[in-house]
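Have a look at the structure below, then the notes.
Structure, rendered in structure tokens:
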């Protein structure tokens, strides 16, 4: 059997512990079933190297161990989450650091690896705790909202993806004009069941086209 290794890298949206009623309904397990059904002569080992809550800086401290060492055929990566923890300012990335970390990721990938960028989904401000937390009020005032404050790094990642000619899945585009239907109302950021399914369906199209 042919083996196509897929490694997931990022934080909680990629890790996918939340929002699926059972583990088999997490987006990457739905993706696995779709790939296996459509390509029955190929095995698709998936390494979930995402860790919820980590910033891009924190993710990159384990890049060699959790991505490079798996020698993947595909790496599905989200960058730009958890970089503005106003309750712990020491975690906030310095100016230019995000771009440096993205370039470090690109340079360090095994030559065989096809990266697929995943752009962070919308945050529903009214549902997210940070909208009511005193530590975030200056950030929210500066950018006009919590979700709006994330757009600068989304755009940086989009531009990085274009420069490197990567395939990508932009969850803001995928979720369209009514993103709330794909987001957990309990926290305003993690995907609900519909979000997991749409993520898997769109990612399947991208991966399948490259097999």
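Residue numbers (the numbering used here): 39 to 249.
For glycine and all other residues, C-beta sits at the position ideal for the given N, C-alpha and C.
Cα-Cα, which of the options is closest to residue i?
| i | options | result |
| --- | --- | --- |
| residue 95 | 65, 60 and 138 | 138 |
| residue 236 | 248, 249, 205 and 210 | 210 |
| residue 103 | 47, 217 and 133 | 47 |
| residue 79 | 100, 72, 60 and 39 | 39 |
| residue 110 | 123, 135, 81 and 61 | 81 |
| residue 163 | 248, 72, 218 and 246 | 218 |
| residue 191 | 175, 140 and 150 | 140 |
| residue 83 | 76, 108, 64 and 127 | 108 |
| residue 150 | 117, 49 and 248 | 248 |
| residue 114 | 181, 199 and 223 | 199 |
| residue 189 | 117, 51, 223 and 60 | 117 |
With a threshold of 7 Å on Cβ separation, who are the neighbours of residue i within its own chain once the five nearest residues in sequence on each side are excluded?
| i | result |
| --- | --- |
| residue 53 | 86, 88, 89 and 90 |
| residue 55 | 90 |
| residue 202 | 144 |
| residue 212 | 236 and 240 |
Using beta-carbon positions only, say whether residue i and residue j come within less than 9 Å of one another.
| i | j | result |
| --- | --- | --- |
| residue 119 | residue 158 | yes |
| residue 183 | residue 169 | yes |
| residue 57 | residue 185 | no |
| residue 239 | residue 44 | no |
| residue 112 | residue 42 | yes |
| residue 215 | residue 165 | no |
| residue 105 | residue 147 | yes |
| residue 177 | residue 124 | yes |
| residue 246 | residue 76 | yes |
| residue 234 | residue 65 | yes |
From the DSSP output, in three-state form, read off residue i for me.
| i | result |
| --- | --- |
| residue 242 | helix |
| residue 172 | helix |
| residue 94 | helix |
| residue 68 | helix |
| residue 86 | strand |
| residue 199 | helix |
Just to confirm my understanding: we take residue i, look at its own chain, exclude 5 residues before and 5 after, and list those with CB closer than 6 Å. What are they?
| i | result |
| --- | --- |
| residue 205 | 154 and 244 |
| residue 167 | none |
Which residues in the same chain as residue i place their Cβ atom closer than 8 Å to its Cβ, once the five residues preceding and following it in sequence are excluded?
| i | result |
| --- | --- |
| residue 142 | 98 and 101 |
Check: Which residue spans inside the region 98-145 form an unbroken beta strand (DSSP E) run of at least 3?
Finding: Within the region 98-145, the complete beta strand (DSSP E) segments of 3 residues or longer fall at 112-115, listed in chain order.
Next item on the list: Scan the region 201-228 and note each continuous beta strand (DSSP E) run of 3 residues or more that stays entirely inside, going in chain order.
Entry: Here the runs fully enclosed are 205-208.
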